[in-house]
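Engineer: Okay, so the sequence shown: first residue is 0 according to numbering that gives the first Met the number 0, each after it adds one. Beta carbons are placed, not taken as given, at the ideal position from N, Cα and C, and that holds for glycine. The structure displayed is predicted, hence computed values, not measured ones. Sharing a structure below in structure tokens format, with a few things to ask.
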Amino acid sequence: MLRRIYLAFLVLLTFCIGFAEPVVQPVSQNVNVFVHSVDQTFPESLYKSIGTKTFNVQYIKLFADTEKKGYIVKAWYFQPGNSTLNYLIKIVDEKAKRELSYSFPGMRNATYIRLNPVLVVCPVDFKIYVNNQPLPDEAIQPRNENDGTGLVGLPSDVGGAMLRILVRADSGYREVSEGIAVSKNDEISIQIIAGTFPTGGYRIELDEPDIVYPLSGKRGKITISGTFYKPSKGDYVTQAFTTPSKTVQIGKLPAGEYDIVVNVQDLGEFIRTLTVK
């Protein structure tokens, strides 16, 4: 479904707007690369992020198959003052030692200079850089494996560890705030975020949920166990801020009150209540 939406979106862009002007080293015309700014905005919850405290790249991976991959990317620099800068998106073919570069103006917003969303499509084995920050190579899991939810992003202001309740929406997923009821027709997911760490190598693994449905006036209960893994001494890790997370698909629930208890070894216990109407 996401691939179909992307293809329709790409066709509209082709007819409505032109290509960004390439600079630096042009490559041969048979390289199938598409890079262009995007007028539409996307929910922050869909983006993942990588970078440092002063430079951060946010991205949505739209698809990856045997031939191509597609991203929405944006970025920010923390740079007080009145200076300006351009962002450079580089598409690099490491095997042939070639690259194609696209320049986009940074937009000042108070103490930040931001790169507005850009659509990037290129061969799957090419590397994508925003300035000198590479986007990580990661596969989107099918919806019936691992996370079971397809494309689920993180909030842009992650601090410590947290539990989020998500429901599927037209634009991807939306977060359910504490005390807000959901419908029995909503597709529900539970997401655990470990927080933000200065390097890679951290990950969360969660078991299948144990669900007890409400019965005879008694509250229902959703219990999930898991483990938080940290990099061992001597492990090779990326030197960039990462935000490990794991999402479990619950699906539709019968009406009633539910207690949600997620116990993650070496991370902590998370408790929420959920009302389904």
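By how many angstroms is the C-alpha of glycine 105 removed from the C-alpha of aspartate 258?
Structural biologist: In a straight line, the C-alpha of aspartate 258 is about 46 Å away from that of glycine 105.
Engineer: Rounded to whole angstroms, what's the CA-CA distance from serine 27 to isoleucine 88? Just pull it up for me.
Structural biologist: In this prediction, serine 27 scores a pLDDT of 39, lower than 50, which makes its location untrustworthy; the coordinate-derived value is nonetheless stated afterwards. Straight-line Cα distance between these residues: approximately 18 Å.
Engineer: To the nearest angstrom, report how far apart isoleucine 270 and phenylalanine 77 are at their CA atoms.
Structural biologist: C-alpha separation (whole angstroms): 35 Å.
Engineer: Under a Cβ-count criterion, where at least 16 other Cβ atoms within 10 Å of its own Cβ denotes burial, should glycine 219 be classed as buried or exposed?
Structural biologist: Flag for glycine 219 reads buried.
Engineer: I think threonine 110 touches proline 79, with their Cβ atoms under 8 Å apart; what is that distance to the nearest whole Å?
Structural biologist: Threonine 110 to proline 79, Cβ: 4 Å. Contact.
Engineer: Let me check one thing: in DSSP terms, what residues is leucine 87 bridge-paired to?
Structural biologist: Ser102, per the DSSP bridge assignment.
Engineer: Hey, out of Gly216, Ile127, Lys73, Asp64, whose CA is closest to isoleucine 112's CA?
Structural biologist: When each option's Cα is compared against that of isoleucine 112, the closest is Lys73.
Engineer: Identify, in the order they occur along the chain, each residue of the same chain with its Cβ nearer than 8 Å to the Cβ of isoleucine 189, setting aside the five sequence neighbours on each side.
Structural biologist: If we look at isoleucine 189 and ignore the five residues flanking it on each side, its Cβ neighbours are Leu162, Arg163, Ile164, Leu165, Pro208, Ile221, Ile223, Thr246, Val247, Ile249, Ile259, Val261.
Engineer: Do the region 55–68 and the region 117–127 meet, that is, are 3 or more Cβ pairs less than 8 Å apart?
Structural biologist: Taking 8 Å as the limit for Cβ pairs, the verdict is that the region 117–127 does touch the region 55–68.
Engineer: Please name the residue in Pro135, Gly199, Pro253, Phe103 whose C-alpha comes closest to that of lysine 183.
Structural biologist: Nearest C-alpha to lysine 183: Pro253.
Engineer: Can you say whether valine 129 is buried or exposed, counting buried as having 16 or more other CB atoms within 10 angstroms of its CB?
Structural biologist: Valine 129 is buried by the Cβ-count criterion.
Engineer: Isoleucine 245 bridges to which residues according to DSSP?
Structural biologist: Inspection of the sequence shows that residue 245 is occupied by lysine rather than by isoleucine. Answer is Ile191.
Engineer: Which residues share a DSSP beta bridge with isoleucine 259?
Structural biologist: Answer by DSSP bridge pairing, in chain order: Ile221, Arg271.
Engineer: To the nearest angstrom, how far is the alpha carbon of valine 37 from that of serine 215?
Structural biologist: Spanning the two alpha carbons is a distance of roughly 52 Å.
Engineer: With DSSP collapsed to three states, give me the class of glycine 147.
Structural biologist: Bear in mind that a pLDDT of 40 at glycine 147, under 50, signals an unreliable position, so the model cannot answer this.
Engineer: Short of 6 Å in beta carbon distance, which residues of its chain neighbour leucine 134, apart from the five on each side in sequence? Order them along the chain.
Structural biologist: Correct list, in chain order: Tyr58, Ile127.
Engineer: Does the Cβ-Cβ distance between glycine 267 and lysine 229 come in under 9 Å?
Structural biologist: Against a cut-off of 9 Å, the Cβ pair of lysine 229 and glycine 267 comes out as no contact.
Engineer: Which first and last residues belong to the beta strand (DSSP E) in which glutamate 174 is found?
Structural biologist: First-last of the beta strand (DSSP E) with glutamate 174: 171–175.
Engineer: By the DSSP assignment, the beta strand (DSSP E) with serine 48 in it spans what residues?
Structural biologist: Per DSSP, serine 48 belongs to the beta strand (DSSP E) from 47–50.
Engineer: For leucine 118 versus isoleucine 187, is the C-beta distance shorter than 9 Å?
Structural biologist: Not closer than 9 Å, so no.
Engineer: Can you give the Cα-Cα distance for valine 211 and phenylalanine 240, rounded to whole angstroms?
Structural biologist: Each residue's alpha carbon lies about 38 Å from the other.
Engineer: Could you check whether alanine 193 and lysine 276 sit closer than 9 Å to each other, using their CB atoms as the reference points?
Structural biologist: Going by C-beta atoms, lysine 276 is not nearer than 9 Å to alanine 193.
Engineer: With H, G and I counted as helix, E and B as strand and the rest as coil, what does DSSP make of glutamate 207?
Structural biologist: The answer is coil: DSSP assigns glutamate 207 none of H, G, I, E or B.
Engineer: Ordered along the chain, which non-local residues of its own chain (more than five positions away) have a Cβ less than 7 Å from that of valine 263?
Structural biologist: Closer than 7 Å at the Cβ level, and outside the excluded window around valine 263, lie Ile191, Ile203, Gly225, Thr226, Phe227.
Engineer: Could you check which residue in Asp265, Val175, Lys47 has the C-alpha nearest to that of aspartate 136?
Structural biologist: For aspartate 136, the nearest C-alpha among the options comes from Lys47.
Engineer: Nearest by alpha-carbon distance to leucine 99: which of Asn31, Val236, Gly159, Phe54 is it?
Structural biologist: Nearest of Asn31, Val236, Gly159, Phe54 to leucine 99, Cα basis: Asn31.
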